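J.: I'd like to ask some things about the structure below.
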Amino acid sequence: MKISPQAKEKIAFLVLGIATCLVLIPVFVIIFILMEKGAQAISWEFLTAKPRMGMRAGGIFPAIVGTVYLVLGTVTAALPLGLFAAIYLVEYAKGNWLTRMVEVAIVNLAGVPSVVYGLFGMGLFVIFMKLGTSILAGSLTLAIMILPVIITASREALSTVPQSFREVSRALGVSKWQTIWHVVLPNAISGILTGTILGVSRAAGETAPILFTAAAFYLPKLPQSIFDQCMALPYHLYVLSTQVPNVNPKIQYGTALVLVGLVFFTNLVAIIIRARFRARKQW
Amino acid sequence: MNKIDIRNFNLYYGNFQALINVNLSIEKRMVTALIGPSGCGKSTLLRSLNRMNDLIEGVKVSGEVKIDDRNIYENGLDLIQLRKKVGMVFQRPNPFPLSIFDNIAYGPRLHGISKKIRLQAEVEHALERVHLWDDLKDRLNRYALNLSLEQQQRLCIARLLAVTPDVVLMDEPCSALDPVSTAKVEELIYELKKHYTIVIVTHNMQQAARVSDKTGVMLLGELIEYGETADIFTKPADKRTEDYITGRFG
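Quick mapping for you: the protein sequence lines, in order, are chains A and B. No gaps in the numbering here: position 140 of the first sequence is 140 in the numbering used here, and each next residue is one more. Each number in the numbering used here comes from the position in the second sequence (counting from 1) with 283 added on.
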């Protein structure tokens, strides 16, 4: 049987269209289910109170706070490190074996399963560096996990800054570092921020890396310093779903909804930042 | 008096020799044009005068380039001072994505001027030199990339003048401009030689004839002829120069 080119075109279009729509389906189904089953649980008390009755009632406030702390710690540790590494790779590194090794390392770092980061963080930060199970240890572990994201995004952003900007600046007698600081970075900042926020939103949702390094099953009071343990949303969700019997599913879905909402909100901030900088950028 | 003396200068990109034993003296407060077919090394020679070639990996040089009697290739030379003294205008107008004011204040600021009043004076002075002040004085906070290409190129020249160079290198400064704008920028070049020593690379032989006092002709990395512009275009000594300017090649 012969198929006419027009028919082939239609079939191809259909297949591509279906594949694209299939990407959307899980997102919408997840949001739909979470909204349907979890929305009733969301209330002012749920967001601002501590869990009560063995976590079968009350709110999830300590977990929200813990996640926020972890995320802030992660950015503080990962952004400077990742950005400086990216600057080095783009502006200073020569194309030698060392640079290639670093590149391979970054790619591999991105492929390491998150539970391995958790064990690594426990070994290095919790035990060897004696930081204990703490916000600090958890943040550092998450930071290492999102470093590849930040480095890759920052490199991309730095290398899209036109070479001519660097040349002009150098030709005006401005040093290399000043050129990077005053010309290259301001023009790359949107890409760097977007990459960082996307990395952070991933960190916010991870359970395994904080499992052994930061997260606590239940804490009667909020963490007082970075050396304290904390509760965290993803781990709290895991606990509610598997460790505590007879939890009202509303609470489980509500917790999941808050976590997903937090991640979406973070991503939204990234999208807005990118759009605003793009509108301004005219080269 | 000679501002720049180039002696037995060779430059290699890896194994490729881009400049072959160039000897050239450039006079103070004159416009010197470098012409020649594409790939003859004229831009490379220009970029050797403020050591912009250093930014390319694998460049090696031998011989010397003296500016005000000091070899700029000697060890320990301060590249920042050199580039403040020997500035460069590029082919395409390339203002930073900043305001007009910030573009011109960029150099002075990074060279340590922070007082607003002094910066304003520098900006005004630089814009006056390129005849943009009257047009732009009321909109210094506007985005520089919204200016016309000619204004952008003038702005780039002003940005350079704000770091007070004595030598201005121009790498085909009009190649992105239309004929009317080109004529205006050429007029400006002619005026600027009152204060600056100018070296201009151009593809356009009429332009070389119009703006320059001296002309050097390059071919395959060598300077084949150098002399008064009028002589080069009317009675070239070298057969190859004649072939090039009459359009037989290049």
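Idealized CB from N, CA, C, for every residue including glycine. Every value quoted in this text rests on a predicted model; they were computed, and no experiment measured them.
Thinking C-beta only, is B/K398 closer than 8 angstroms to B/V446?
T.: Not a contact, by the Cβ cut-off of 8 angstroms.
J.: Counting only the same chain and skipping the five closest in sequence on each side, list residues whose C-beta sits under 8 angstroms from that of A/F212.
T.: Same-chain partners within the cutoff: G118, L119, G121, M122, V126 and T133.
J.: What number of angstroms, rounded off, separates the C-alpha of B/L234 from the C-alpha of B/L410?
T.: This structure does not reach residue 234 of chain B, given that chain B is present from 284 up to 533, and the question cannot be answered.
J.: How is B/C439 classed by DSSP in three states: helix, strand or coil?
T.: Looking at B/C439 - three-state DSSP - the assignment turns out to be helix.
J.: Put B/S458 into one of helix, strand or coil per three-state DSSP.
T.: Of the three classes helix, strand and coil, the one that applies to B/S458 here is coil, per DSSP.
J.: Please list the partners that A/H236 has in chain B, where partner means a Cβ-to-Cβ separation under 7 angstroms.
T.: Here the premise fails: no neighbours, minimum Cβ distance about 45 angstroms.
J.: Hey, does B/S336 have any beta-carbon neighbour from chain A nearer than 8 angstroms?
T.: Reading off the sequence, residue 336 of chain B comes out as Asn, not Ser. No, B/N336 lies away from the interface with chain A (no Cβ there is under 8 angstroms from its Cβ).
J.: Does the Cβ of A/Q40 have 16 or more other Cβ atoms within 10 Å, making it buried, or fewer, making it exposed?
T.: It is exposed - the Cβ of A/Q40 has fewer than 16 other Cβ atoms within 10 Å.
J.: Of all the residues that make up the region 320–347 of chain B, which are near chain A by a beta-carbon distance shorter than 8 angstroms?
T.: Hits within the stretch, in order: N333, M335, L338 and E340.
J.: Taking any Cβ of chain B, which residues in the region 139–161 of chain A have a Cβ under 9 angstroms from it, in chain order?
T.: The region 139–161 of chain A vs chain B, Cβ under 9 angstroms: nothing.
J.: So, are the CB atoms of B/L428 and B/P378 less than 8 angstroms apart?
T.: Yes, they are a contact pair.
J.: For B/K325, count neighbouring C-beta atoms within 10 Å of its own C-beta (all shown protein chains included) and say buried if the count is 16 or more, exposed if not.
T.: Label assigned to B/K325: buried.
J.: Around the C-beta of B/R425, are 16 or more other C-beta atoms found within 10 angstroms, so that it is buried, or is it exposed?
T.: Result: exposed.
J.: Against A/N312, what residues of chain B qualify as contacts under a CB-to-CB distance less than 7 angstroms, listed in chain order?
T.: Nothing in the structure corresponds to residue 312 of chain A, since chain A is present only between 1 and 283.
J.: May I have the straight-line CA-CA distance separating A/D228 from A/L131, to the nearest angstrom?
T.: Rounded to the nearest angstrom, the two C-alpha atoms are 10 angstroms apart.
J.: Residues of chain A with CB under 9 angstroms from B/H394, in chain order?
T.: Under the 9 angstroms cutoff, chain A gives L172, G173 and V174.
J.: Could you name the residues of the region 176–206 of chain A whose beta carbon sits closer than 7 angstroms to any beta carbon of chain B, in the order they occur along the chain?
T.: Flagged, chain order: Q178, H182, V183 and N187.
J.: What does A/F165 reach in chain B if we use C-beta pairs closer than 9 angstroms?
T.: Those within 9 angstroms of A/F165 in chain B are N377, F379 and P380.
J.: Do the region 171–180 of chain A and the region 378–388 of chain B meet, that is, are 3 or more Cβ pairs less than 8 angstroms apart?
T.: At 8 angstroms Cβ cutoff, the stretches do not touch.
J.: In whole angstroms, give me the CA-to-CA distance for B/I355 and B/S331.
T.: Rounded to the nearest angstrom, the two C-alpha atoms are 9 angstroms apart.
J.: Exposed or buried, which one is B/K420 when buried takes at least 16 other CB atoms within 10 Å?
T.: Answer is exposed; the Cβ neighbour count stays below 16.
J.: Where in the region 302–349 of chain B do unbroken runs of the beta strand (DSSP E), each at least 3 residues long, occur, reported from the N-terminal end onward?
T.: 314–318, all fully within the region 302–349 of chain B.
J.: Who pairs with A/R274 in a beta bridge, going by DSSP?
T.: Answer is none; A/R274 lacks a bridge partner.
J.: Nearest-angstrom Cα distance between B/N285 and B/N336?
T.: Roughly 23 angstroms separates the two Cα atoms.
J.: Below 8 angstroms on C-beta distance, what does B/K367 contact in chain A?
T.: By Cβ distance, chain A contributes L172 and G173.
J.: Which residue marks the beginning of the alpha helix (DSSP H) containing A/F125, and which one marks its end?
T.: Taken as a continuous stretch (DSSP letters only), A/F125 belongs to no alpha helix (DSSP H), as it is neither H nor E.
J.: Okay, do the region 297–309 of chain B and the region 466–473 of chain B touch, 3+ Cβ pairs below 8 angstroms being the bar?
T.: Verdict: no, contact absent.
J.: Within its chain, find whatever has a CB closer than 6 angstroms to the CB of B/P462; leave out the 5 residues flanking it on each side and keep chain order.
T.: Excluding residues within five positions, none has a Cβ falling inside 6 angstroms.
J.: Closest to B/H478 by CA distance: which of B/L460, B/T512, B/V450 and B/L294 is it?
T.: It is B/V450 whose Cα lies nearest to the Cα of B/H478.
J.: To the nearest angstrom, how far is it from the Cα of A/E156 to the Cα of A/G191?
T.: Approximately 8 angstroms between the Cα atoms of the pair.
J.: What is the DSSP secondary structure of A/M55, reduced to helix, strand or coil?
T.: Looking at A/M55 - three-state DSSP - the assignment turns out to be coil, as it is neither helix nor strand.
J.: So, for A/I42: in the same chain, excluding its five sequence neighbours on each side, which residues have a beta-carbon less than 6 angstroms away from its beta-carbon?
T.: Taken in chain order, the residues that qualify are G254.
J.: Cβ of B/H486 within 8 angstroms of Cβ of B/E455?
T.: Contact flag set, yes.
J.: For A/F13, count neighbouring Cβ atoms within 10 angstroms of its own Cβ and tell me buried if that reaches 16, exposed if not.
T.: Flag for A/F13 reads exposed.
J.: Considering just the uninterrupted stretch of the beta strand (DSSP E) at A/S244, what are its terminal residues?
T.: As written in the sequence, residue 244 of chain A is Val, which differs from the Ser given in the question. Counting along the chain, A/V244 falls outside any beta strand (DSSP E), and DSSP gives it neither H nor E.
J.: For B/L294, return the contacting residues in chain A, with the cut-off set at a CB-CB distance below 8 angstroms.
T.: Neighbours of B/L294 on chain A: none; closest Cβ ~18 angstroms, over 8 angstroms.
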